[in-house]
Amino acid sequence: MKVLKFGGSSVANSENIQKVLAIVATESKNHKIAVVVSAFGKTTDKLLAAANSALVDIQITKEILETIKAVHYQIIDALIVKNKTTVSNEVTYLFERLSSMFEGVFLLQELSNKTLGKVCSFGERLSSYIIANAAKEIFDATHKESRELIITNDSYLNAQVNFKITNEKINSFFTENKHQVTVLGGFISSNISGEVTTLGRGGSDFSAAIYAAALNAEELQIWTDVPGMFTANPRVVKQAYPISEISYEEAMELSHFGAKVLYPPTIQPALRKGIPIRIKNTFNPAQLGTLICKNPKNGNEVKGISHIEDISLITLEGGGMVGIPGFSKRLFETLSQQKINVVFITQASSEHSICVGVYENDASKAKELLDETFSSEIERKKIKPIILENDLAIIAVVGESMKNHQGLSGQMFSALGQNNVNIRAIAQGSSEKNISAVINKKDAKKALNILHEQFFEERIKQLNLFVTGVGNVGKRFLAQVQQQKKFLKENLKLNIRVIGISNSRKMFFDANGINLDNWEENLKNGVPTTLELFRKRVKECNNRNSVFIDNTANQQVSEVYENYLRESISVVTCNKIACASSFHNYKTLKEVSKKYNASFLYETNVGAGLPIIDTLKNLITSGDRVQKIQAVLSGSLNFVFNNFNENVSFCDVVAAAQKEGYTEPDPKIDLSGVDVARKILILARESGYQLELEAISNNSFLTEESLKTTNNKDFYASLTKNEGHFKNIYKAAKDKNCRLKYVAEFVDGKASVGLQHIAPEHPFYNLEGSDNIVLFFTDRYPENPLIIKGAGAGADVTASGIFADVIRIGNK
Ligand code: ADP
Ligand code: ASP
Ligand code: MG
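For what it's worth, the working numbering labels the leading residue of the sequence shown as 37, then goes sequentially.
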């Protein structure tokens, strides 16, 4: 004997039911089969809605009833040929009774649990009757009313089974019954007086387990719309996958903590008799599914993760509780007398507080009752009035062999902490099968994904990028991500997704990752944005491993970094303004980054993609000390002075540098030396010195007139006007057989920048094109400096520097 249960979606329409019948036909070749079915599709939800509307607007009830009827008659039409008239008549009769019940609710303006249970029972009464008749057309089958076999107490919506009577009834029926297949409705039962009761929402699984246990079935199969019990709810965690084998206890913990695929009470009867439960996919029977059994094959120590939403925490707190027995007894007694289910318990070891989690629906009633129970202690200020917190969720990590592995809870909480998920309470059962934490409801999805990544996808880490600025650098960056995505996933196990993009006017988001083939089009059609709106959206996305990327040179953008970091969102920037702002601000950003465990990386602030800052950081952290830095740090100025000579105009060379993407959007920032000053400032700070930009001496080679201009047009005009001035500068160097290099220096705690005559023997003399060079003189490199040299400007190298920072975060 086998028991096969098919859920609502498996029997939602005639096509699905044909699949069900094919599965039953195969299984019944060698076994007698009890088939337990749910109501068709969403029928139970609709029946409940119809009953509730009957209290308010009977017209709505009638409309809902019509949609229910339509589904049922369509299925009869499609699947029943021989007995169509009989079946249709019986179904019409049942619908008439249902309709009278709704009229009754409307007239009496009363909807008791008893009536509600009765109304709901029609879903399975109808579905089992129709499916049994459809089955009879193909193979030997019969229908049996579950209400006659499963006997319960009087709790109409959540009835407790009387196993003794139930088992007897089931056995005596099946001993007599000679049919190969028996179709029964799940969920429904009756009390000892024959009134309809129901086993709770999702209860058809339980019905099937009751039959399986009573009949000592070889196997209980739960056929549903997913191929098994997953490592996490597949609707919430995209990367979740079916667990191949799991123990009864583990499956029970997962279902108790929200894995809806199995109704929690289902396991008990099967466990008692040691009946294996197989969860299978009706829509793909070939998939293996999940086997729930006594001794599952060894798997991951963490088997699955689940969560329950709509939880409230109730805290009983006060010095008056310490050392005095009986507080928790009174608390639990009060709640249980009122049938308030406690989902979660934790008590501080100081006995100073007890904290329980209940469903949000019960929360205010629970508080009221407990305030009453403890009123005298509260009045005497021995304890505080009950503290109630809403909008919470419980997440649970489940696995029997977790107890043999140290550090799993550490991993769980640090993964959550690193991603800014605030934990309100923690409980670990002494069996150590389950570690649960209470968190804010809004963080639940993120938390599940973080934990899934932590325990099941260690191999692939997902990085979620939010990119601001899609000019030269931003465009190249997105192109590089697009190009390398696959390689990174395969080789570095990094899955990089760009979730949001913005320029100064528009933004575009796609929670599943923006298609980088046509982001430009999408951004063009995006929604208007501001820095604040963009940040709000990023925050709403609430992704783990989030990185904000600033590809602009904009002051305002640089001012929002701190806000991102405070949300544990890392920041990667090629914009130098933040790091070259006041030392106080620079330091704050670093501290906030540390505190919130979010990286703040800006390798491209100096020398574009060259690994200058990273190298310097490594020197300092390994205990070296910087004595002196000498550098040519402006790719644009190097380009300008490498190309300027007696035959070309200075203005044309600057224009060419800008065209090549070697200058800032405002070329005066480069030409005036401000850009270089910012860079040496950043290097000095990274070396551990506290320095301000104003303290850097900057001997600009520009004329007063050029320095005073306020826009690019005037600036270029001033260059043309002062051509003679630039030719003189060039000639002075050439006469000494020297080249012009704009040099930054940091020595003895002081920094300076300015144009210098460089003689042929100097390492700077042969610096080509837009190259940069840095010489670090340190305690370990006192005479022969550590030299870093290479292309120091340009959109491509800058973009690749940003990319390298992103990968650094991924590898962290
Ligand atoms: P049925 O109607 O067949 O009883 P349910 O809707 O009750 O089906 O249960 C199946 C659903 O349970 C899946 O579609 C899935 O969304 C949800 N679910 C939640 N957690 C899990 C999990 N850990 N594994 C599989 N499914 C889960
Ligand atoms: N039809 C009932 C419900 O939707 C029982 C079940 O399908 O398990 O809750
Ligand atoms: Mg179900």
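Quick reminder that beta carbons are idealized off the backbone N, C-alpha and C, glycines included.
These numbers come from a predicted model, not from an experiment.
Using 8 Å as the threshold, is the C-beta distance between valine 810 and isoleucine 824 below it?
In the sequence shown, residue 810 corresponds to position 774, counting from 1. In the sequence shown, residue 824 corresponds to position 788, counting from 1. Closer than 8 Å, so yes.
Check whether the stretch 635–642 touches the stretch 604–618, counting contact only when three or more Cβ pairs, one atom from each stretch, lie closer than 8 Å.
Three or more Cβ pairs drawn from the stretch 635–642 and the stretch 604–618 lie within less than 8 Å of each other, which places the two stretches in contact.
Following the continuous alpha helix (DSSP H) through leucine 530, name the residue where it begins and the one where it ends.
Walking along the sequence shown from the start, residue 530 turns up at place 494. Note, leucine 530: premise wrong, no alpha helix (DSSP H); beta strand (DSSP E) at 530–538.
Opposing strand residues paired with proline 278 [DSSP bridges]
As a working note, residue 278 is residue 242 in the sequence shown. According to DSSP, which records beta bridges pairwise, proline 278 is partnered with Phe266.
Expected contact under 8 Å - CB spacing of alanine 244 and valine 39 to nearest Å:
Sequence index remark: in the sequence shown, residue 244 carries index 208 (1-based). Sequence index remark: in the sequence shown, residue 39 carries index 3 (1-based). Between valine 39 and alanine 244 the Cβ distance is about 5 Å, and since that is below 8 Å, they are a contact.
Less than 8 Å between the CB atoms is what I'm expecting for alanine 483 and isoleucine 475, so what's the real figure, rounded?
Mapped onto the sequence shown, residue 483 falls at position 447. Mapped onto the sequence shown, residue 475 falls at position 439. With 8 Å as the limit, alanine 483 and isoleucine 475 qualify as a contact, their Cβ atoms being about 6 Å apart.
Report the three-state DSSP secondary structure of glycine 221 (helix, strand or coil).
Taking the first residue of the sequence shown as position 1, residue 221 is located at position 185. Residue state, collapsed to three classes: strand.
Since threonine 814 and valine 662 should fall inside the 8 Å C-beta cutoff, what is the C-beta to C-beta distance between them, to a whole number of angstroms?
To locate residue 814, count along the sequence shown from 1; it is residue 778. To locate residue 662, count along the sequence shown from 1; it is residue 626. That belief holds up - the Cβ atoms of threonine 814 and valine 662 are roughly 5 Å apart, short of 8 Å.
Let's test the definition: count the other Cβ atoms within 10 Å of the Cβ of leucine 235 and tell me whether it reaches 16, buried, or not, exposed.
As a position in the sequence shown, residue 235 is number 199, starting the count at 1. Classified as buried, leucine 235 has 16 or more neighbouring CB atoms from the shown chains inside 10 Å of its CB.
Closer than 8 Å is the cut-off here; do at least three beta carbon pairs connect the stretch 194–203 with the stretch 116–132?
No, because fewer than three Cβ pairs between the stretch 194–203 and the stretch 116–132 fall closer than 8 Å, the two stretches do not touch.
Extent of the continuous beta strand (DSSP E) to which phenylalanine 380 belongs:
Here residue 380 is taken as the residue at index 344 of the sequence shown, counted from 1. From DSSP, the beta strand (DSSP E) with phenylalanine 380 extends over 378–383.
Could you name the residues of the same chain whose beta carbon sits closer than 6 Å to that of lysine 420, not counting the 5 residues immediately before and after it, in chain order?
Counted from its first residue, the sequence shown places residue 420 at position 384. Same-chain partners within the cutoff: Glu353 and Gly354.
Indicate whether glycine 34 and alanine 75 have their beta-carbon atoms separated by less than 8 Å.
Since the displayed the chain opens at 37 and closes at 848, residue 34 lies outside it and no answer follows.
Three-state secondary structure (DSSP) of proline 301:
As a position in the sequence shown, residue 301 is number 265, starting the count at 1. Three-state DSSP puts proline 301 in a helix.
So which residues touch the region around ligand 3, with touch meaning a C-beta under 5 Å from any heavy atom?
In chain order, the residues that have a beta carbon nearer than 5 Å to some heavy atom of ligand 3 are Gly43 and Gly238.
What did DSSP end up calling glutamine 666 once you bin it into helix, strand or coil?
For the purposes of this step, residue 666 is taken as residue 630 along the sequence shown, with counting starting at 1. The three-state reading of DSSP puts glutamine 666 in strand, counting E and B together.
Relative to the C-alpha of phenylalanine 545, which residue among Val433, Val574 and Gln518 is closest?
On the sequence shown, residue 545 is found 509 positions in, with the first residue counted as 1. Closest option to phenylalanine 545, Cα to Cα, is Val574.
Alpha carbon to alpha carbon, how far is cysteine 774 from glutamate 797? Give it in angstroms, no decimals.
Within the sequence shown, numbered from 1, the residue matching residue 797 stands at position 761. Within the sequence shown, numbered from 1, the residue matching residue 774 stands at position 738. Computed Cα separation, rounded: 10 Å.
Beta-carbon within less than 6 Å of leucine 822's beta-carbon, same chain only, minus the 5 sequence neighbours each way: which residues are those?
As a first step, residue 822 is located in the sequence shown; it is residue number 786 there, counting from the start. Once the five neighbours on either side are set aside, the close Cβ partners of leucine 822 are Phe812.
Mark glycine 362 as exposed unless 16 or more other C-beta atoms lie within 10 angstroms of its C-beta, in which case mark it buried.
Taking the first residue of the sequence shown as 1, we reach residue 362 at position 326. Glycine 362 comes out exposed.
For the beta strand (DSSP E) containing serine 790, name the first residue and the last one.
Translated into positions along the sequence shown, residue 790 becomes position 754. The amino acid occupying residue 790 in the given sequence is glycine; serine does not appear at that position. Start and end: 786–794.
List the residues that DSSP assigns as beta-bridge partners of threonine 351.
Here residue 351 refers to the residue found at position 315 when the sequence shown is read from its first residue. Bridge pairing for threonine 351: Cys391 and Ile423 [DSSP].
Exposed unless 16 or more other CB atoms sit within 10 angstroms - verdict on proline 301:
Position 265 of the sequence shown, counting from 1, holds the residue named residue 301. Here proline 301 is buried: its Cβ has 16 or more other Cβ atoms, across all protein chains shown, within 10 Å.
Quick one: is phenylalanine 513 buried, meaning 16 or more other Cβ sit within 10 Å of its Cβ, or exposed?
Position 477 of the sequence shown, counted from the first residue, corresponds to residue 513. A residue is called buried when at least 16 other Cβ atoms come within 10 angstroms of its Cβ; phenylalanine 513 meets this threshold and is buried.
Using a threshold of 7 Å, is the CB atom of phenylalanine 266 nearer than that to any non-hydrogen atom of ligand 1?
Position 230 of the sequence shown, counted from the first residue, corresponds to residue 266. Correct: phenylalanine 266 has its Cβ closer than 7 Å to ligand 1.
How about leucine 717 and alanine 787: are their beta carbons less than 8 Å apart?
As a working mapping, residue 717 is identified with position 681 in the sequence shown. As a working mapping, residue 787 is identified with position 751 in the sequence shown. In this structure, alanine 787 lies closer than 8 Å to leucine 717 by Cβ.
Does the beta-carbon of aspartate 586 have 16 or more other beta-carbons within 10 angstroms, so that it is buried, or is it exposed?
As a position in the sequence shown, residue 586 is number 550, starting the count at 1. Answer is buried; the Cβ neighbour count reaches 16.
Measure the CB-CB distance between glutamate 281 and glutamate 436 and report whether it falls below 8 Å.
Residue 281 sits at position 245 when you count from the first residue of the sequence shown. Residue 436 sits at position 400 when you count from the first residue of the sequence shown. Here glutamate 281 is not near glutamate 436, since their CB atoms are 8 Å or more apart.
Opposite valine 779 in the DSSP bridges: which residues?
Within the sequence shown, residue 779 is the residue found at index 743, counting from 1. Per the DSSP secondary-structure output, valine 779 pairs in a beta bridge with Gly790.
Please confirm whether aspartate 238 and valine 72 have their CB atoms less than 8 Å apart.
Numbered from its first residue, the sequence shown carries residue 238 at position 202. Numbered from its first residue, the sequence shown carries residue 72 at position 36. A quick correction: the sequence has glycine, not aspartate, at residue 238. Result no, Cβ atoms of glycine 238 and valine 72 do not sit closer than 8 Å.
For the alpha helix (DSSP H) holding alanine 768, just list the boundary residues, first then last.
Along the sequence shown, one-based indexing puts residue 768 at 732. Residue range 759–771 is occupied by the alpha helix (DSSP H) that includes alanine 768.
Can you find the residues in the same chain that come closer than 8 Å, C-beta to C-beta, to isoleucine 279, ignoring five residues on each side of it along the sequence?
As a first step, residue 279 must be located in the sequence shown, where it is residue number 243. Only Gly264, Met265, Phe266, Thr267, Thr326, Gly335, Lys339 and Gly340 meet the Cβ criterion.
Is there at least one non-hydrogen atom of ligand 2 closer than 7 Å to the beta-carbon of serine 657?
Along the sequence shown, one-based indexing puts residue 657 at 621. The question names serine, but residue 657 in the sequence shown is threonine. No, since every heavy atom of ligand 2 falls outside the 7 Å radius drawn around the Cβ of threonine 657.
Mapping the DSSP letters down to three states, classify isoleucine 246 as helix, strand or coil.
Here residue 246 is taken as the residue at index 210 of the sequence shown, counted from 1. Collapsing the DSSP output to three states places isoleucine 246 in a helix.
Between the alpha carbons of glutamate 408 and serine 283, how many angstroms are there, rounded?
Numbered from 1 along the sequence shown, position 372 holds the residue referred to as residue 408. Numbered from 1 along the sequence shown, position 247 holds the residue referred to as residue 283. Between glutamate 408 and serine 283, the C-alpha separation is close to 42 Å.
With distances taken Cα to Cα, identify the nearest neighbour of serine 364 among Lys375, Gln374 and Thr382.
The residue given as residue 364 occupies position 328 in the sequence shown. The shortest C-alpha separation from serine 364 is found at Thr382.
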